[in-house]
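>
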Amino acid sequence: MSNLVASWAHGPMIAFDLETTDVDPHRDRIVTAAVIAIVPTGPGQKPQVDLRTWLADPQVEIPAAATAKHGITTEHARAHGRQPAEVIAEIGAHLARIWTATVPLVAFNAPFDLTMLDAELRRHHSRGLDLSGPVIDPICIDRHLHPAQREEKRSLTNLCKVYGVRLDQAHNSTDDALAAARLAWQLAKDQPERIGQLAPHVLHSRQAQWFREQQDARVEMLERKLWGVPRGDTARIERLQRQISDTRASGKSWPLLPETVAAARRVLPPRPGGPARSHASWTPDLEAALREQWLAADPAAAPTVLHDQLAEQYGRTAGAIRSRLIKLHCDIDVPGQACTAERAAELKARLDAEYTAARS
5 MSNLVASWAH GPMIAFDLET TDVDPHRDRI VTAAVIAIVP TGPGQKPQVD
55 LRTWLADPQV EIPAAATAKH GITTEHARAH GRQPAEVIAE IGAHLARIWT
105 ATVPLVAFNA PFDLTMLDAE LRRHHSRGLD LSGPVIDPIC IDRHLHPAQR
155 EEKRSLTNLC KVYGVRLDQA HNSTDDALAA ARLAWQLAKD QPERIGQLAP
205 HVLHSRQAQW FREQQDARVE MLERKLWGVP RGDTARIERL QRQISDTRAS
255 GKSWPLLPET VAAARRVLPP RPGGPARSHA SWTPDLEAAL REQWLAADPA
305 AAPTVLHDQL AEQYGRTAGA IRSRLIKLHC DIDVPGQACT AERAAELKAR
355 LDAEYTAARS
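For the sequence shown, the positions run 5 to 364 when our numbering is used.
1. Rounded to the nearest angstrom, how far is the Cβ of residue 144 from that of residue 214, given a contact under 8 Å?
2. So, using beta-carbon positions, are residue 204 and residue 108 closer together than 8 Å?
3. Apart from the five residues on each side of it in sequence, which residues of its chain come closer than 7 Å, Cβ to Cβ, to residue 312?
4. Distance, Cα to Cα, residue 73 vs residue 27?
5. Starting from residue 154 and walking both ways along the beta strand (DSSP E), at which residues does that stretch end?
6. Which value, in whole angstroms, describes the spacing of the CA atoms of residue 172 and residue 161?
7. Reducing DSSP to helix, strand and coil, say where residue 56 ends up.
8. Can you give me the C-alpha to C-alpha distance between residue 307 and residue 299, rounded to a whole angstrom?
9. Check the DSSP bridge columns for residue 42 and list the partner residues they point to.
10. Which word fits residue 218, buried or exposed, when buried means at least 16 other C-beta atoms lie within 10 angstroms of its C-beta?
11. Fully enclosed by the segment 85-117, which alpha helix (DSSP H) runs are 4 residues long or longer?
12. Check whether the Cβ of residue 294 lies closer than 7 Å to any heavy atom of the ligand PLP, and answer yes or no.
13. Mapping the DSSP letters down to three states, classify residue 187 as helix, strand or coil.
14. Please name the residue, chosen from 330, 341, 361, 216, that lies closest to residue 351 on a Cα-to-Cα basis.
15. Going by the DSSP bridge assignment, what does residue 22 pair with across the sheet?
16. Please confirm whether residue 238 and residue 128 have their CB atoms less than 8 Å apart.
17. Just mark residue 12 as buried or exposed, buried being the case when its beta carbon has 16 or more other beta carbons within 10 Å.
18. Taking all protein chains shown into account, do 16 or more other C-beta atoms lie within 10 angstroms of the C-beta of residue 65, making it buried, or fewer, making it exposed?
19. Per DSSP, which one or two residues make a beta bridge with residue 342?
20. Would you say residue 40 and residue 124 are within 8 Å of each other, going by their C-beta atoms?
21. Within 10 Å of its beta-carbon, does residue 150 have 16 or more other beta-carbons around it, so buried, or fewer, so exposed?
22. Alpha carbons only, please: which of 245, 102, 67 is nearest the one belonging to residue 17?
23. Hey, out of 114, 291, 301, whose CA is closest to residue 261's CA?
24. Evaluate residue 84 with the Cβ neighbour count: other Cβ atoms within 10 Å of its Cβ, from every protein chain shown; 16 or more gives buried, anything less gives exposed.
25. Candidates 36, 53, 49, 37: which alpha carbon is nearest residue 43's?
26. Could you tell me the alpha carbon to alpha carbon distance between residue 297 and residue 15, rounded to whole angstroms?
27. Do residue 133 and residue 122 have their beta-carbon atoms positioned less than 8 Å apart in this structure?
28. With 16 as the cutoff for other CB atoms within 10 Å, does residue 211 come out buried or exposed?
29. Does residue 87 pass the burial test, meaning 16 or more other C-beta atoms within 10 Å, or should it be called exposed?
Okay, here's the thing in structure tokens:
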């Protein structure tokens, strides 16, 4: 890289990563965190690395899908994790000490991790995250440099392969943080004039602009999808309208994400003895996935068996699955079939009557 000494990539930086209970940064909880301060020591020498890690007991169930990624079970977190308020306070205080106007913080998909930490600070300490320095987000930079759709999803794993960067263990907060820092360094090396030689605060401002442009492009794509939806498909229309509204709002607040209607719902703990997500809110993406699975089902399949299978998959009760399918205008008696609003009202009345009878 030409003029590498002038690059932020050869100065101190902080790498940051979280592993969490789920993917909603406003509602879900931190499980593990890593903050790595990387300080150069001299030409040709390894940098000084100061690693801090945390394991929290999130005090909610960790879904099986999340455990499958980061390996932390609810039982392990309860047995070995610390109180979340203590963990969150320590992370915030540590960042406040080392993250400054001249020391950038690197995080892959920074809006998720920073919004999650901001929400946890508000939840436990009634204050938000102080953005005390510039942010560098490799995925935002890559989307700007290569706006065309890549063949594979822009995950940390895939982008590390694209740029020849080492990632030891994906979905481990320490390894992910280190890989994000390596990826940022490689981007600076590959693009000295466009990335590497910009002052950190200038690169921060550029990324905010790029992110806004990226979200505007996504809004246009979602609007094109919306135009093609049949008028009677109200569930899909409403889902796309919410996505458009949320995407447009998120483009204005990088590197934090604004609260959306869906994200503002209260998360209740699972019912004792019940499914893991019995009280969790349905997100638009979950609703869309459920509806698509039902409409793709074999019409000859037994509906009650399919209800039970979906209940196990989504961590809900069979009754909750039936209720949600009705809301999404799916005929719960006929796999693979949608229904009219009138039929949905009829099915809901029947379900309500069955529920009342079961409780009497």
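Quick reminder that beta carbons are idealized off the backbone N, C-alpha and C, glycines included.
Values in this document were obtained by computation on a predicted structure and should not be read as measured data.
Judging by the given coordinates:
1. Here residue 144 refers to the residue found at position 140 of the sequence shown. Here residue 214 refers to the residue found at position 210 of the sequence shown. Between residue 214 and residue 144 the Cβ distance is about 6 Å, and since that is below 8 Å, they are a contact.
2. Along the sequence shown, read from residue 1 onward, the residue named residue 204 stands at position 200. Along the sequence shown, read from residue 1 onward, the residue named residue 108 stands at position 104. Contact: yes.
3. Here residue 312 is taken as the residue at index 308 of the sequence shown, counted from 1. Correct list, in chain order: 322.
4. Residue numbering aside, residue 73 sits at position 69 when the sequence shown is read from its first letter. Residue numbering aside, residue 27 sits at position 23 when the sequence shown is read from its first letter. Distance between the alpha carbons of residue 73 and residue 27 is about 12 Å.
5. Reading the sequence shown from its first residue, position 150 is the one you call residue 154. That residue, residue 154, is in no beta strand (DSSP E); it is neither H nor E in DSSP.
6. In the sequence shown, counting from the first residue as 1, residue 172 sits at position 168. In the sequence shown, counting from the first residue as 1, residue 161 sits at position 157. Taking the straight line joining both Cα atoms gives about 10 Å.
7. As a first step, residue 56 must be located in the sequence shown, where it is residue number 52. Residue 56: strand per DSSP, three-state reduction.
8. Here residue 307 refers to the residue found at position 303 when the sequence shown is read from its first residue. Here residue 299 refers to the residue found at position 295 when the sequence shown is read from its first residue. Between residue 307 and residue 299, the C-alpha separation is close to 12 Å.
9. Counting from one through the sequence shown, the residue named residue 42 turns up at place 38. The partner list for residue 42 (beta bridge, DSSP) reads 17, 53.
10. Residue mapping note: residue 218 aligns to position 214 of the sequence shown, counting from 1. Burial call: buried.
11. 88-102
12. The model depicted lacks the ligand PLP and carries no ligand whatsoever.
13. Locating residue 187 in the sequence shown gives position 183, counting from the first residue. Residue 187 falls in the helix class under three-state DSSP.
14. The sequence position of residue 351 within the sequence shown is 347, counting from 1. The residue with the shortest Cα to Cα distance from residue 351 is 330.
15. Indexing the sequence shown from 1 puts residue 22 at position 18. Paired residues: 37.
16. Walking along the sequence shown from the start, residue 238 turns up at place 234. Walking along the sequence shown from the start, residue 128 turns up at place 124. In this structure, residue 128 does not lie closer than 8 Å to residue 238 by Cβ.
17. Translated into positions along the sequence shown, residue 12 becomes position 8. Residue 12 is buried by the Cβ-count criterion.
18. The count along the sequence shown starts at 1 and reaches residue 65 at position 61. By the 10 Å Cβ count, residue 65 comes out buried.
19. Counting from 1 along the sequence shown, the entry for residue 342 is found at position 338. 334, per the DSSP bridge assignment.
20. Along the sequence shown, one-based indexing puts residue 40 at 36. Along the sequence shown, one-based indexing puts residue 124 at 120. No, the Cβ-Cβ distance between residue 40 and residue 124 is not below 8 Å.
21. Counted from its first residue, the sequence shown places residue 150 at position 146. Residue 150 should be labelled exposed.
22. The sequence position of residue 17 within the sequence shown is 13, counting from 1. The candidate whose alpha carbon is nearest that of residue 17 is 102.
23. Sequence index remark: in the sequence shown, residue 261 carries index 257 (1-based). Ranking 114, 291, 301 by Cα distance to residue 261 puts 114 first.
24. As a working note, residue 84 is residue 80 in the sequence shown. So residue 84 counts as exposed.
25. Residue mapping note: residue 43 aligns to position 39 of the sequence shown, counting from 1. Answer by Cα proximity: 53.
26. Translated into positions along the sequence shown, residue 297 becomes position 293. Translated into positions along the sequence shown, residue 15 becomes position 11. The alpha-carbon atoms of residue 297 and residue 15 are separated by roughly 50 Å.
27. In the sequence shown, counting from the first residue as 1, residue 122 sits at position 118. In the sequence shown, counting from the first residue as 1, residue 133 sits at position 129. Cβ atoms of residue 122 and residue 133: closer than 8 Å.
28. Residue numbering aside, residue 211 sits at position 207 when the sequence shown is read from its first letter. Buried, since its Cβ has 16 or more Cβ neighbours within 10 Å.
29. The residue labelled residue 87 in the question sits at position 83 within the sequence shown. Counting Cβ neighbours within 10 Å, residue 87 comes out exposed, since fewer than 16 surround it.
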